[in-house]
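Report on the following structure.
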Amino acid sequence: MTDRFAPGDRVRTRIADPTHHTRLPRYARGARGEVVSTAGHHPLADERARGLASDPRAVYHVRFAASDLFGAGDHAVVVELWEDYLEPDGSPS
Amino acid sequence: MSGNHASSPVAAQVRHVEALLEERGLLDPHEIDERIDALAAGGTPANGAALVARAWVDPAFRERLLADGNAAIAELGFSMGGALQEQKLTVMANDADEHHVVVCTLCSCYPIALLGPSPGWYKSEAYRSRVVREPRAVLREFGLELPASTRITVWDASAESRYLVLPRRPEDTEGRSEEELAGLVTRKGLIGTAAV
Numbered sequence: 001m002t003d004r005f006a007p008g009d010r011v012r013t014r015i016a017d018p019t020h021h022t023r024l025p026r027y028a029r030g031a032r033g034e035v036v037s038t039a040g041h042h043p044l045a046d047e048r049a050r051g052l053a054s055d056p057r058a059v060y061h062v063r064f065a066a067s068d069l070f071g072a073g074d075h076a077v078v079v080e081l082w083e084d085y086l087e088p089d090g091s092p093s
Numbered sequence: 001m002s003g004n005h006a007s008s009p010v011a012a013q014v015r016h017v018e019a020l021l022e023e024r025g026l027l028d029p030h031e032i033d034e035r036i037d038a039l040a041a042g043g044t045p046a047n048g049a050a051l052v053a054r055a056w057v058d059p060a061f062r063e064r065l066l067a068d069g070n071a072a073i074a075e076l077g078f079s080m081g082g083a084l085q086e087q088k089l090t091v092m093a094n095d096a097d098e099h100h101v102v103v104c105t106l107c108s109c110y111p112i113a114l115l116g117p118s119p120g121w122y123k124s125e126a127y128r129s130r131v132v133r134e135p136r137a138v139l140r141e142f143g144l145e146l147p148a149s150t151r152i153t154v155w156d157a158s159a160e161s162r163y164l165v166l167p168r169r170p171e172d173t174e175g176r177s178e179e180e181l182a183g184l185v186t187r188k189g190l191i192g193t194a195a196v
């Protein structure tokens, strides 16, 4: 399976709050960021936590501007996110 | 559902299942402790400090450490393979322009093999919730005042990777031995809540 994203890609994270375990932190939901690098391929934590079969898929280091996450701050936050949590950010920010 | 599970129904369920497994002879009472001991075996901040000191005296090693942490730490006999699978190690170098700091906002993910068990504050709700939002203020409370021109990058270690900060080499340390340099490096420096 080819990776859906590459370093430099602009992405947007999912908004939904799932009822099951997830590794998409709440503060990083519905946020726009940029893929920094691919951090390997791993089964999706959300599926493994529920005992479901899960194929490895790409995990990325995604950089967010603090102001995009919290509405304030001049720092950056890098979060490691499975590609399932991401969609291309085609719309203007 | 990405909060703290320490006192959640899930934690109670796990303890219940653990008790049942032991009761039915499927799990030796010491087995879990042994696995935890194996994971932490040999883990101490001295390992991280040795890596930093080597990177300070050997620019080629520094490059390899930043490019592929897992391969580089093997040169000093370290490994991220203590868990069920080898964890990817990413090393970030501090410089005048950028300072890195590590947190796990979802739980307490931490490079145990290189730093030993994590300090209490690393697992505290206050650190985990605040450092992603206001790192400059949190670092100031740790006694680290960064120039306004130094950008801060916070790394949330909430998935498969583990992170290690490579602090800047202090000034006036020319001619010091690798061992002496390693003695300058603190656990906080390796997490990013101190300069060194």
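Protein chains in written order, with full-length UniProt numbering: chain A, 1 to 93; chain F, 1 to 196. Quick reminder that beta carbons are idealized off the backbone N, C-alpha and C, glycines included. Only a predicted model underlies this, so the values are computations on that prediction, with no experimental measurement involved.
Within chain A, partners of residue 88(F) - CB distance below 7 Å: Here residue 88(F) is taken as the residue at index 88 of the second sequence, counted from 1. In chain order: 39, 40.
What's the gap between the Cα of residue 180(F) and the Cα of residue 74(F)? Start at 1 with the first residue of the second sequence, and residue 180(F) comes out as number 180. Start at 1 with the first residue of the second sequence, and residue 74(F) comes out as number 74. Rounded to whole angstroms, residue 180(F) to residue 74(F) spans 22 Å at the Cα level.
Can you name the start and end residues of the beta strand (DSSP E) that residue 80(A) belongs to? Taking the first sequence and counting its residues from 1, one reaches residue 80(A) at position 80. Its beta strand (DSSP E) spans residues 76 to 82.
Since residue 43(F) and residue 190(F) should fall inside the 8 Å C-beta cutoff, what is the C-beta to C-beta distance between them, to a whole number of angstroms? If you number the second sequence from 1, residue 43(F) lands on position 43. If you number the second sequence from 1, residue 190(F) lands on position 190. About 12 Å; that fails the 8 Å criterion.
What is the C-beta distance between residue 47(A) and residue 161(F), in whole angstroms, given that I count them as a contact (C-beta under 8 Å)? The residue labelled residue 47(A) in the question sits at position 47 within the first sequence. The residue labelled residue 161(F) in the question sits at position 161 within the second sequence. In this structure residue 47(A) does not touch residue 161(F) by the C-beta definition: roughly 19 Å separates them, more than the 8 Å allowed.
Own chain, CB closer than 6 Å to residue 61(F), minus 5 neighbours either side, in chain order: Sequence index remark: in the second sequence, residue 61(F) carries index 61 (1-based). For residue 61(F), where only same-chain residues beyond five positions count, the Cβ hits under 6 Å are 54, 55.
Under 8 Å between C-beta atoms, does residue 85(A) make it to chain F? Locating residue 85(A) in the first sequence gives position 85, where the first residue counts as 1. Residue 85(A) does not count as touching chain F.
Mind listing the chain F neighbours of residue 80(A)? Cutoff is C-beta to C-beta under 8 Å, in chain order. Here residue 80(A) is taken as the residue at index 80 of the first sequence, counted from 1. 156, 157, 158, 159, 160, 161, listed in chain order.
Look at residue 108(F) and residue 118(F) and say whether their C-beta atoms are less than 8 Å apart. On the second sequence, residue 108(F) is found 108 positions in, with the first residue counted as 1. On the second sequence, residue 118(F) is found 118 positions in, with the first residue counted as 1. Yes; because the gap between Cβ atoms is below 8 Å, this pair is in contact.
Below 9 Å between beta carbons is the criterion; list the residues of the region 4 to 32 of chain A that meet it against any residue of chain F, in chain order. Taking a C-beta cut-off of 9 Å against chain F, the contacting residues of the region 4 to 32 of chain A are 17, 18, 19, 20, 21, 22, 23, 24, 25, 26, 27, 28, listed in chain order.
Compare the C-alpha of residue 77(A) against each of 151(F), 132(F), 70(F) and name the closest. Here the question's residue 77(A) lines up with position 77 in the first sequence. Looking at the Cα atoms, 132(F) is the closest of the given residues.
Between residue 178(F) and chain A, is any beta-carbon pair separated by less than 8 Å? The residue labelled residue 178(F) in the question sits at position 178 within the second sequence. Residue-level contact check: residue 178(F) does not touch chain A, since none of the beta carbons of chain A fall below 8 Å from its beta carbon.
7 Å CB neighbourhood of residue 14(A) in its chain, flanking five on each side removed: Taking the first residue of the first sequence as 1, we reach residue 14(A) at position 14. Closer than 7 Å at Cβ, skipping near neighbours: 24, 29, 85.
Quick check on this structure: which residue in 34(F), 106(F), 26(F) has the alpha carbon closest to the alpha carbon of residue 124(F)? By one-based count along the second sequence, residue 124(F) stands at place 124. Measuring from the Cα of residue 124(F), the nearest candidate turns out to be 106(F).
Might you give, ordered along the chain, the residues of its own chain that have their beta carbon closer than 8 Å to the beta carbon of residue 72(A), omitting 5 neighbours on each side? As a first step, residue 72(A) must be located in the first sequence, where it is residue number 72. Counting only Cβ-Cβ distances below 8 Å, and skipping sequence neighbours, we find 66.
Bridge partners - residue 171(F), DSSP secondary structure assignment: The sequence position of residue 171(F) within the second sequence is 171, counting from 1. DSSP lists no partner for residue 171(F).
Use the C-beta contact count for residue 94(A): other C-beta atoms within 10 angstroms, 16 or more gives buried, fewer gives exposed. The shown model of chain A, from 1 to 93, leaves out residue 94(A), and the question about it has no answer.
Status (buried if at least 16 other CB within 10 Å, exposed otherwise) for residue 120(F): Numbered from 1 along the second sequence, position 120 holds the residue referred to as residue 120(F). Result: exposed.
Are the CB atoms of residue 88(F) and residue 16(A) within a distance shorter than 8 Å? Here residue 16(A) refers to the residue found at position 16 when the first sequence is read from its first residue. Here residue 88(F) refers to the residue found at position 88 when the second sequence is read from its first residue. No, these two residues do not count as a Cβ contact at 8 Å.
Quick check on residue 190(F) - is its C-beta less than 8 Å from some C-beta in chain A? Indexing the second sequence from 1 puts residue 190(F) at position 190. Chain A, which has no Cβ nearer than 8 Å to the Cβ of residue 190(F), makes this no.
May I ask which residues mark the beginning and end of the alpha helix (DSSP H) holding residue 20(A)? Position 20 of the first sequence, counted from the first residue, corresponds to residue 20(A). Segment: none, residue 20(A) is in no alpha helix (DSSP H) and carries neither H nor E.
Which one of 26(F), 24(F), 94(F) has the shortest CA to CA distance from residue 163(F)? Looking up residue 163(F) in the second sequence gives position 163. Among 26(F), 24(F), 94(F), the Cα nearest to that of residue 163(F) belongs to 94(F).
Neighbourhood of residue 89(A) by C-beta, 6 Å cutoff - its chain only, sequence neighbours within 5 removed: Sequence index remark: in the first sequence, residue 89(A) carries index 89 (1-based). Same-chain partners within the cutoff: 10, 11, 12, 32.
Run down chain A in chain order and give the residues with a C-beta less than 7 Å from the C-beta of residue 135(F). As a first step, residue 135(F) must be located in the second sequence, where it is residue number 135. Ordered by position in chain A, the residues that pass the 7 Å Cβ test against residue 135(F) are 75.
At the level of alpha carbons, what is the spacing between residue 96(F) and residue 148(F)? Residue mapping note: residue 96(F) aligns to position 96 of the second sequence, counting from 1. Residue mapping note: residue 148(F) aligns to position 148 of the second sequence, counting from 1. A direct Cα-to-Cα measurement between residue 96(F) and residue 148(F) gives close to 11 Å.
Between residue 27(A) and the rest of its own chain, which residues show a CB-CB distance below 6 Å, the 5 nearest in sequence each way excluded? As a first step, residue 27(A) is located in the first sequence; it is residue number 27 there, counting from the start. So the list reads 69, once near-sequence residues are dropped.
So which of 85(F), 90(F), 22(F), 46(F) has the shortest CA-CA distance to residue 37(A)? Here residue 37(A) refers to the residue found at position 37 when the first sequence is read from its first residue. Taking each of 85(F), 90(F), 22(F), 46(F) in turn and checking the Cα distance to residue 37(A), the smallest one comes out for 90(F).
Mapping DSSP to helix, strand and coil, what is residue 67(F)? Counting from one through the second sequence, the residue named residue 67(F) turns up at place 67. Collapsing the DSSP output to three states places residue 67(F) in a helix.
Where residue 93(F) falls: helix, strand or coil (DSSP): Your numbering for residue 93(F) matches position 93 in the second sequence. Strand.
Endpoints, the beta strand (DSSP E) within which residue 64(A) is located: Sequence index remark: in the first sequence, residue 64(A) carries index 64 (1-based). Its beta strand (DSSP E) spans residues 57 to 65.
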